[in-house]
Amino acid sequence: MPEAKSAPLLRVAHLKVAYPIRSSLLQRQISANVAVSDVTFDINPGETVGLVGESGSGKSTVARAVIGLVKPDDGVIEFEGRNITGYSRKQFKSVRREMQMVFQDPYASLNPRLTVRDLIAEGWRVHRDIVPRDRWTAEAKKLMDRVGLNPDYSDRYPHQFSGGQRQRIGIARALALRPKVIICDEPVSALDVSVQAQVLNLLDDLQEELGLAYLFISHDLSVIEHLCDRVLVLHHGHVVEQGNAREIFERPRHEYTKALLAAVPVVRPWLDQADEGRHPTGEPAA
Amino acid sequence: MTKTQPGTAPSASPTDAPLLSVQDLTVEFSTAAGVARALRNVSFDVRAGETLAVLGESGCGKSTIAQSIMALLPKPAGSIVGGKILYGGRDLAAERIPAVRELCGTEIAMIFQDPLSSLNPVFRVGAQLAEPFRRRLGMGRREAWAKSLELLKRVGIPDAETRIRDYPHQFSGGQRQRIMIAMALALKPKLLIADEPTTALDVTIQKQVLSLLADLQAETGMAMILISHDLGVVADVATRAAIMYAGRIVETGAVRDMYDHPAHPYTKGLLESIPSQTSIGGRLKPIVGSPPNLLDLPSGCAFNPRCPFATDLCREQVPALRTPTTWPAGHEAACHLSEEVLTHA
Chain A
1 MPEAKSAPLL
11 RVAHLKVAYP
21 IRSSLLQRQI
31 SANVAVSDVT
41 FDINPGETVG
51 LVGESGSGKS
61 TVARAVIGLV
71 KPDDGVIEFE
81 GRNITGYSRK
91 QFKSVRREMQ
101 MVFQDPYASL
111 NPRLTVRDLI
121 AEGWRVHRDI
131 VPRDRWTAEA
141 KKLMDRVGLN
151 PDYSDRYPHQ
161 FSGGQRQRIG
171 IARALALRPK
181 VIICDEPVSA
191 LDVSVQAQVL
201 NLLDDLQEEL
211 GLAYLFISHD
221 LSVIEHLCDR
231 VLVLHHGHVV
241 EQGNAREIFE
251 RPRHEYTKAL
261 LAAVPVVRPW
271 LDQADEGRHP
281 TGEPAA
Chain B
287 MTKTQPGTAP
297 SASPTDAPLL
307 SVQDLTVEFS
317 TAAGVARALR
327 NVSFDVRAGE
337 TLAVLGESGC
347 GKSTIAQSIM
357 ALLPKPAGSI
367 VGGKILYGGR
377 DLAAERIPAV
387 RELCGTEIAM
397 IFQDPLSSLN
407 PVFRVGAQLA
417 EPFRRRLGMG
427 RREAWAKSLE
437 LLKRVGIPDA
447 ETRIRDYPHQ
457 FSGGQRQRIM
467 IAMALALKPK
477 LLIADEPTTA
487 LDVTIQKQVL
497 SLLADLQAET
507 GMAMILISHD
517 LGVVADVATR
527 AAIMYAGRIV
537 ETGAVRDMYD
547 HPAHPYTKGL
557 LESIPSQTSI
567 GGRLKPIVGS
577 PPNLLDLPSG
587 CAFNPRCPFA
597 TDLCREQVPA
607 LRTPTTWPAG
617 HEAACHLSEE
627 VLTHA
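And the structure:
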């Protein structure tokens, strides 16, 4: 785990995003729905920062603001020291190749009419200097191999792949632009349990190999606990607790974090019960 | 078949004859690409007052079980081609659909994953809750409304007197699932089938809904079949479980026995693949490959291409469910090599 010696790769300070509520007749803004407010965190190269929270807590809004899909109402987003908060779409183009996203639904996020090779090469069409056109097929196959897909299938379409394989295509697409940060919005939530672990391991390997940083969004606390160095717990758009992942999971301080952790179903609840049985009540916890 | 409440029937203790007995159930779906066998020789019993979990991944056939019992198989594609569904001396698999639906309205109830799509958006929840009382029990409007209010309070909707006039979209996801539960339990069913009842809910809400179901079960003594893909939810709610893979039950027994001593490599693989305390920062142990296509199942054991234990025998012969030697009855696995799997625990 890298130390925060140099400047952070991504810095988010006091981020606030509000969605306007408009009048039905004149579409005048009559109010605003504050999705997130005062969210502050850094991501260093090679680090994984997790955002947890329940639906509506603002996790995805933070991701969308970071990648420039929604405009922040307040706060600063810096990437490698550059303030990218007010960037226009055009200006954002240079940032986006460094900052890619993997989406939750591998069925909805891939254009069904493109082959895997074209899906992976799509970004190269926009960012011309990464891979020369005559190398596209070879490079796409290389990426397929890297994410655990058979390169012989580069002419196939998304529907010919399983959910886990489609998520690998999504990861290959993100990697194609050689980013420094990948924002993973619930990347394994739509996958079967037996396949989730494969994708999580792949993300882990890629991080080690390429020094990627991840902003990892999930509602699944065990996934966050497994992967993340640092965690932010969001509740109704506010960060209620943030810090070292292990510390938060072992000693949650905020009431909401405690409630959230207590609600996660335990796979072997009898193990905890056995523990309680061994320690007589009244004895202070170790 | 008795229509009265439990207590009048002699079958009071839960160890008696099963309430529902599914035997060798086989279901096929005909698709453009061929016939997919969604269930193969699935057998299980459920007794009054107990919860049986059916655990598996998408496409393993767990929801097809619920559809078969409730006569909800999509027609004409899906049909029961073999086996029996015995309930109260009747074989639901052999009966006509309207007769099964009649039974399902009163004695067997079901709740679904997505409560919003199962509630009618243009009617107030009070009217929807009152419908079974009015249609099935012939109650008057006022009496049915009072009953609905009582139910709404029982499932923990705050301020039920005013909320009963609201429409489904005015409730949160957790509250909608509570309303679905209220509707399912309106006629005091003897068996509740819960198909992924909390999958769409946040964990804190999930916990509330699961404990509501447990309370209601303790109150009414109904049996429950919980269909889930979540190992934790199953451990929380059920005492017995059937684990499914590619349309077959591959392991069944007490949840605790199976989780502590899995006798099928698939169960073992599932348990090892989920992130846990021991895996933090390290690598997970996934099951290799992906679930098979039902239209193109591998020969022998359907799990063999993903199985670290597989031998030639596994590629040739489909293993039957059996109790591994020297293990107590009740814990069964469909694996040729259960004994070996168990020693690797």
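These protein sequence lines map, in sequence, to chains A and B. Note that our numbering has the first sequence beginning at 1, numbered continuously upward. Note that our numbering has the second sequence beginning at 287, numbered continuously upward. Ideal Cβ positions, reconstructed from N, Cα and C, are used throughout, including at glycine. From a predicted model like this one, the values you see are computed outputs, not experimental measurements.
Item, Value
"Cβ of residue 11 (chain A) within 7 angstroms of any chain B Cβ", "no"
"Which of helix, strand or coil DSSP assigns to residue 348 (chain B)", "helix"
"At least 3 beta-carbon pairs within less than 8 angstroms: the segment 151-171 of chain A vs the segment 184-203 of chain A", "yes"
"Enclosing beta strand (DSSP E) for residue 238 (chain A) [first to last residue]", "238-244"
"Chain-order list of residues whose beta-carbon lies under 7 angstroms from that of residue 73 (chain A) (same chain, five-residue window excluded)", "16, 17, 18"
"Residues bridged to residue 99 (chain A) (per DSSP)", "A:181"
"Reduced DSSP category for residue 285 (chain A) - H, G, I as helix; E, B as strand; rest coil", "Reliability fails at residue 285 (chain A), whose pLDDT of 38 lies under 50, so the model's placement of it is uncertain and no value is given."
"When B:396, B:339, B:343, B:417 are compared against residue 355 (chain B), the one with the closest alpha-carbon", "B:396"
"Contact set between residue 455 (chain B) and chain A, taken where Cβ atoms lie within less than 7 angstroms", "Those do not exist, as residue 455 (chain B) stays about 15 angstroms from chain A at its closest Cβ, beyond 7 angstroms."
"Status (buried if at least 16 other CB within 10 Å, exposed otherwise) for residue 168 (chain A)", "buried"
"In DSSP terms, what residue 20 (chain A) is bridged to", "A:32"
"Chain-ordered residues of the segment 490-514 of chain B with a beta carbon less than 9 angstroms from chain A", "490, 491, 492, 493, 494, 496"
"Residues near residue 522 (chain B) in its chain [Cβ-Cβ closer than 7 angstroms; skip 5 each side]", "496"
"Under 7 angstroms between C-beta atoms of residue 179 (chain A) and residue 101 (chain A)", "no"
"Start-to-end residues for the alpha helix (DSSP H) that takes in residue 222 (chain A)", "221-227"
"Through-space distance from residue 208 (chain A) to residue 306 (chain B), alpha-carbon basis", "52 angstroms"
"Residues of its chain near residue 406 (chain B), where Cβ-Cβ distance is below 8 angstroms and the 5 sequence neighbours each way are ignored", "414, 454"
"Beta strand (DSSP E) runs wholly inside the segment 516-591 of chain B, at least 3 long, in chain order", "526-531, 534-540"
"Distance, residue 618 (chain B) Cα to residue 40 (chain A) Cα", "53 angstroms"
"Expected contact under 8 angstroms - CB spacing of residue 193 (chain A) and residue 515 (chain B) to nearest Å", "6 angstroms"
"Buried or exposed (CB count within 10 angstroms, at least 16 for buried), residue 622 (chain B)", "buried"
"Cross-strand partners of residue 367 (chain B) (DSSP beta bridge)", "None, per the DSSP bridge assignment."
"Residue 52 (chain A) vs residue 36 (chain A) beta-carbon contact at 7 angstroms", "no"
"Validate contact between the segment 372-391 of chain B and the segment 491-506 of chain B using beta carbons, cut 8 angstroms, 3 pairs", "no"
"7 angstroms Cβ shell around residue 349 (chain B) - same chain, five flanking residues per side excluded", "481, 513"
"C-alpha gap between residue 297 (chain B) and residue 304 (chain B), whole angstroms", "Caution is warranted here: a pLDDT of 41 is assigned to residue 297 (chain B), below 50, making its placement in the model unreliable, and the coordinate value is therefore given only provisionally. Whole-angstrom Cα-Cα distance: 9 angstroms."
"Chain-ordered chain A contacts of residue 571 (chain B) [CB-CB under 8 angstroms]", "197"
"Three-state secondary structure assigned by DSSP to residue 47 (chain A)", "coil"
"Own chain, CB closer than 7 angstroms to residue 412 (chain B), minus 5 neighbours either side, in chain order", "431, 434, 450, 451"
"Chain-ordered chain B contacts of residue 132 (chain A) [CB-CB under 7 angstroms]", "Per Cβ cutoff of 7 angstroms: no residues; residue 132 (chain A) is ~34 angstroms from chain B at best."
"Coarse secondary structure for residue 508 (chain B), derived from DSSP in three states", "coil"
"Interface partners of residue 604 (chain B) on chain A, CB under 9 angstroms", "The premise fails here: residue 604 (chain B) is roughly 20 angstroms from chain A at the closest Cβ pair, so nothing lies under 9 angstroms."
"Listed by chain order, chain A residues near residue 555 (chain B) by CB distance under 8 angstroms", "194"
"C-beta contact flag for residue 346 (chain B) and residue 469 (chain B) at 7 angstroms", "no"
"Residue from A:125, A:243, A:32 with nearest C-alpha to residue 49 (chain A)", "A:243"
"Close Cβ partners of residue 559 (chain B) (< 7 angstroms) along its chain, the five nearest in sequence each way excluded", "570, 571, 572, 573"
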